[in-house]
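Q:
Number of protein chains: 2
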Amino acid sequence: MDELYMQLALDAAWHNQLLTYPNPSVGAVLLHEGRLLCVVAHKKAGDSHAEVLALLDGYEALSNQKVDFDKNNSHLAHQFLLSLPQGFFGKCDMYVTLEPCNHDGKTPSCASMLAKLKLKSITIATLDPIKSHSGGAKRIEDVGTALYAGLLESKAKELLEPFVIWQKRAFVLFKLAQTTNGKITGGTISSLVSRTHSHKLRARVSKLVIGGSTVRIDRPTLDCRLSGDMPPDVFIYTKGDVDQSIPLFDIKDRDVAFGDKLDFLSKPSFILIEGGEGMLEAFKEKIDWLLVYQSPNIDNEKKSYNTNLRLKHLYASPMGEDLMIWSKRI
Amino acid sequence: MDELYMQLALDAAWHNQLLTYPNPSVGAVLLHEGRLLCVVAHKKAGDSHAEVLALLDGYEALSNQKVDFDKNNSHLAHQFLLSLPQGFFGKCDMYVTLEPCNHDGKTPSCASMLAKLKLKSITIATLDPIKSHSGGAKRIEDVGTALYAGLLESKAKELLEPFVIWQKRAFVLFKLAQTTNGKITGGTISSLVSRTHSHKLRARVSKLVIGGSTVRIDRPTLDCRLSGDMPPDVFIYTKGDVDQSIPLFDIKDRDVAFGDKLDFLSKPSFILIEGGEGMLEAFKEKIDWLLVYQSPNIDNEKKSYNTNLRLKHLYASPMGEDLMIWSKRI
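Heads up: the protein sequence lines correspond to chains A and B, in order.
Each number in our numbering comes from the position in the first sequence (counting from 1) with 532 added on.
Each number in our numbering comes from the position in the second sequence (counting from 1) with 532 added on.
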């Protein structure tokens, strides 16, 4: 059952993939005497980590009482968890997709808290790839908690790949919405749920890159109205000039740049490209991952796209009426 | 957690979807004092049902001993389970996607066995749609086992739809292998794992339907060599004559028919159609479900397909390097 529990933690983390930028997406599962208490994932940078959310949900399940503060307030959460009677989680086993953090950043260190709470066991899928943050596993093991590392490690490393990449350069995600037969143009293709998810992603990115012809033809606003977030900065990839009467230029607090110089890709960041065949072709050597929102329909009227990209499927899950399919360039 | 356990049972059943023909695909989960023991699914008609497999795996987990017979031999399995000490499963909770069968067919009745084993609780996603097989839930409840029905019922009904359809007429599945950008022609597209799965499906069907032009151009054998099963009967959909020197005619114990009369679709059965754009277009009013093996790649050279089909995604899961995507016509 170990693999099943870790897979549940991975599933939860994939649900929030990239939305936690610049943090990694992490999932966790908590059991008490073999009984599954909860499956959770970190939601966004600054909010409580997955381990903390799992312990709070675990507390609620074990005590049959609700906590009276915002679970995503990591300082209140740590304070609360550390105030529980000694040994409260002593019969608990945790599965977490990444080694608990060993440094105090926006949130207090999870490893330090877990070393105090002394769970029965903690199973980690993969160790922290950032040397300065690692050491959490050892710290937890040193207090007598049984510690296992490396369960479903290759899956956890795939989940973690964007985080590893954006430590050193831009992580480049190309987003497409298509029908089942690969049609991408001619009106709205994906469901409202998918489009809302894509606006949440836009709200997280360092820069949204879009092609000059899309801007000229569609005159998009490229905001995050569906998720109610602030609009992203935009880079229009074009060799020519751009008509600045286009609505996307009118949005407050947004930086818009254009040109064909892509030096910004060398900077640690999260870059989202939205486009069709032309942009796929132009960026095919620079794309790290592809995200496809695939509608169930087969459509005759819309237009297909062509290029050559060798990819590997990473994860797929329902997104409203669509499928959300993640793949990486190989 | 109830929904999570039932979802695990549904996931297991989707894994064997249609391979259990003419039985429904059923999944089950067993817990002991809240601890998850196993997640299983029925494999093929005549083999042990999901409930039986769950109890056998549960026995092994609880006793730390292996059973010494073939778990898929339902008669031995029932005999063994009924020989266990009274109350052995008394602290167990089962989640099963379909009401346990209440009649003795190829396998003994699960409801009768479960009524003797007296579990703590049994949660059923949906009741048996066949009136003459139903009543299992009541039989189990009557002995004092807590019985819950209707958890994730709409999902369970989707899983069960082929079974309901093939009670009264042919269930028609259209199979496609495509790249991510919807290309379907020009050499092998799907992975060996997907192709092996499609051969397993072929081995279960009442008839494999294929277009006359595919037969003339590709001269396929349409066997099940990858799964080592017997080849299916074939119906070639064509208005013209067919060259009987084509290899598929040479296979022993296979019935081959051709023509454009589709009366056989009114007969309770399982029909698999393999084809491209022409067959999709020809059968678009007759297809119940679509099965797409989708490779991760985006390909420039292969050919796309066009038609208009409104579909609903039902389930998606990895199949080797590909995704296996089930959808239904709406």
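Backbone N, C-alpha and C fix where the C-beta goes; we use that ideal spot for every residue, glycine too.
No experiment lies behind these values; they were computed from the predicted model shown.
Could you give the DSSP three-state label for Pro-800/A: helix, strand or coil?
A: Here Pro-800/A sits in coil by DSSP.
Q: Thinking C-alpha only, which one of Leu-659/B, Pro-661/B, Phe-612/B is nearest Met-645/B?
A: Here the closest residue by C-alpha is Phe-612/B.
Q: Identify every residue that forms a DSSP beta bridge with Asp-625/A.
A: In the DSSP output, where bridge partners are listed per residue, Asp-625/A has Leu-563/A, Ser-653/A.
Q: With Lys-739/B as the anchor, note down where its beta strand (DSSP E) starts and where it stops.
A: 739-743 is the extent of the beta strand (DSSP E) around Lys-739/B.
Q: What separation, rounded to the nearest whole angstrom, lies between the Cα atoms of Phe-703/B and Arg-736/B?
A: Between Phe-703/B and Arg-736/B, the C-alpha separation is close to 12 Å.
Q: What first and last residue would you give for the beta strand (DSSP E) that runs through Ile-721/B?
A: Per DSSP, Ile-721/B belongs to no beta strand (DSSP E) and is neither H nor E.
Q: I want to verify the contact list: residues of chain E whose CB lies under 7 Å from the CB of Met-533/B, in sequence order.
A: As a matter of chain content, chain E is missing from the structure shown, whose protein chains are A and B.
Q: By the three-class DSSP mapping on this structure, what secondary structure does Trp-698/B have?
A: If DSSP states are grouped into helix, strand and coil, Trp-698/B belongs with coil.
Q: Is Ile-749/A helix, strand or coil when you go by DSSP?
A: Here Ile-749/A sits in helix by DSSP.
Q: Among the candidates Leu-684/B, Asp-831/B, Leu-823/B, Leu-587/B, whose CA atom is the shortest distance from the CA of Ala-643/B?
A: Nearest option by C-alpha distance: Leu-587/B.
Q: Mind checking the segment 811-838 of chain B against chain A and listing, in chain order, the residues whose C-beta falls within less than 7 Å of any C-beta there?
A: Listed by position along the chain: Val-824, Pro-828, Asn-829, Ile-830, Asp-831, Asn-832, Ser-836, Tyr-837, Asn-838.
Q: Name the DSSP bridge partner or partners of Ala-681/B?
A: In DSSP, Ala-681/B forms a bridge with Ile-656/B.
Q: May I ask you to report which of helix, strand or coil DSSP gives Gln-549/A?
A: In this structure, Gln-549/A counts as coil in the three-state DSSP scheme.
Q: If the criterion is Cβ atoms closer than 8 Å, does the pair Ser-827/A and Ser-722/A meet it?
A: Taking 8 Å as the Cβ cut-off, Ser-827/A and Ser-722/A qualify as a contacting pair.
Q: What does a CB cutoff of less than 6 Å around Asp-854/B pick up in its chain, not counting 5 residues either side in sequence?
A: Excluding residues within five positions, the ones whose Cβ falls inside 6 Å are Ser-722, Ser-723, Ser-726, Tyr-825, Gln-826, Ser-827.
Q: So with Cβ pairs under 8 Å, would you call Ile-857/B a contact of chain A?
A: Chain A, which has a Cβ nearer than 8 Å to the Cβ of Ile-857/B, makes this yes.
Q: Tell me where the beta strand (DSSP E) around His-610/A begins and ends.
A: That residue, His-610/A, is in no beta strand (DSSP E); its alpha helix (DSSP H) goes 606-614.
Q: Using the C-alpha atoms, what's the distance from Trp-546/A back to Gly-719/B?
A: Approximately 33 Å between the Cα atoms of the pair.
Q: Name the chain A residues that come within less than 9 Å of Pro-850/B, Cβ to Cβ?
A: Within 9 Å Cβ-Cβ: His-845, Tyr-847, Ala-848.
Q: Does the distance from the C-beta atom of Leu-679/B to that of Asp-625/B stay below 8 Å?
A: In this structure, Asp-625/B does not lie closer than 8 Å to Leu-679/B by Cβ.
Q: Could you spell out the range, first to last residue, of the alpha helix (DSSP H) harbouring Asp-636/B?
A: Note, Asp-636/B: premise wrong, no alpha helix (DSSP H); not H, not E.
Q: Could you say if the segment 652-668 of chain B and the segment 588-601 of chain B meet the contact criterion of at least three C-beta pairs nearer than 8 Å?
A: Touching, no, given that fewer than three Cβ pairs across the two stretches are closer than 8 Å.
Q: My output table needs one value for Ser-557/A: the three-state DSSP class, helix, strand or coil.
A: Residue state, collapsed to three classes: coil.
Q: Assuming Leu-822/B and Leu-692/B form a contact by the criterion Cβ under 8 Å, report the distance between their Cβ atoms to the nearest whole angstrom.
A: Not quite, the Cβ-Cβ distance comes to about 18 Å (not below 8 Å), so this is no contact.
Q: Alpha carbons only, please: which of Ala-577/A, Met-856/A, Arg-861/A is nearest the one belonging to His-729/A?
A: Residue Met-856/A is the option with its Cα nearest to His-729/A.
Q: Using a Cβ-Cβ cutoff of less than 6 Å, which residues in the same chain neighbour Ser-801/A once the five nearest sequence positions on both sides are dropped?
A: Taken in chain order, the residues that qualify are Ala-702, Ser-738.
Q: In this structure, what does DSSP give as the bridge partners for Tyr-769/B?
A: Tyr-769/B is bridged to Gly-743/B, Gly-791/B.
Q: Relative to the alpha-carbon of Lys-650/B, which residue among Asp-775/B, Gln-549/B, Lys-623/B has its alpha-carbon at the smallest distance?
A: For Lys-650/B, the nearest C-alpha among the options comes from Lys-623/B.
Q: Once the 5 residues before and after Asp-820/B are set aside, which same chain residues still bring their CB inside 8 Å of it?
A: So the list reads Glu-693, Pro-694, Ile-697, Phe-703, Val-704, Leu-705, Lys-860, Arg-861, once near-sequence residues are dropped.
Q: Give the interface partners of Val-571/A over in chain B, defined as CB-CB distance under 8 Å, in chain order.
A: Within chain B, the residues near Val-571/A are Leu-536.
Q: Do Thr-717/B and Gly-810/B have their C-beta atoms closer together than 8 Å?
A: Their beta carbons are not under 8 Å apart, which means Thr-717/B does not touch Gly-810/B by this criterion.
Q: Using only CA atoms, which one of Ser-580/B, Pro-779/B, Met-533/B, Leu-568/B lies nearest to Thr-552/B?
A: When only C-alpha atoms are compared, the closest one is Ser-580/B.
Q: Alpha carbon to alpha carbon, how far is Lys-576/B from Ala-560/B?
A: Answer to the nearest angstrom: the Cα atoms are 15 Å apart.
Q: Looking only at C-alpha atoms, which of Ser-595/B, Val-584/B, Leu-594/B, Leu-616/B sits nearest to Lys-603/B?
A: Residue Val-584/B is the option with its Cα nearest to Lys-603/B.
Q: Let me check understanding here. Comparing Cα to Cα, which of Asp-782/B, His-607/B, Ile-778/B lies closest to Lys-638/B?
A: Cα-wise, what sits closest to Lys-638/B is His-607/B.
Q: Quick one, which residues of the segment 669-681 of chain A are near chain B if we go by CB-CB under 8 Å, in chain order?
A: So the list is empty, because no residue satisfies the distance condition.
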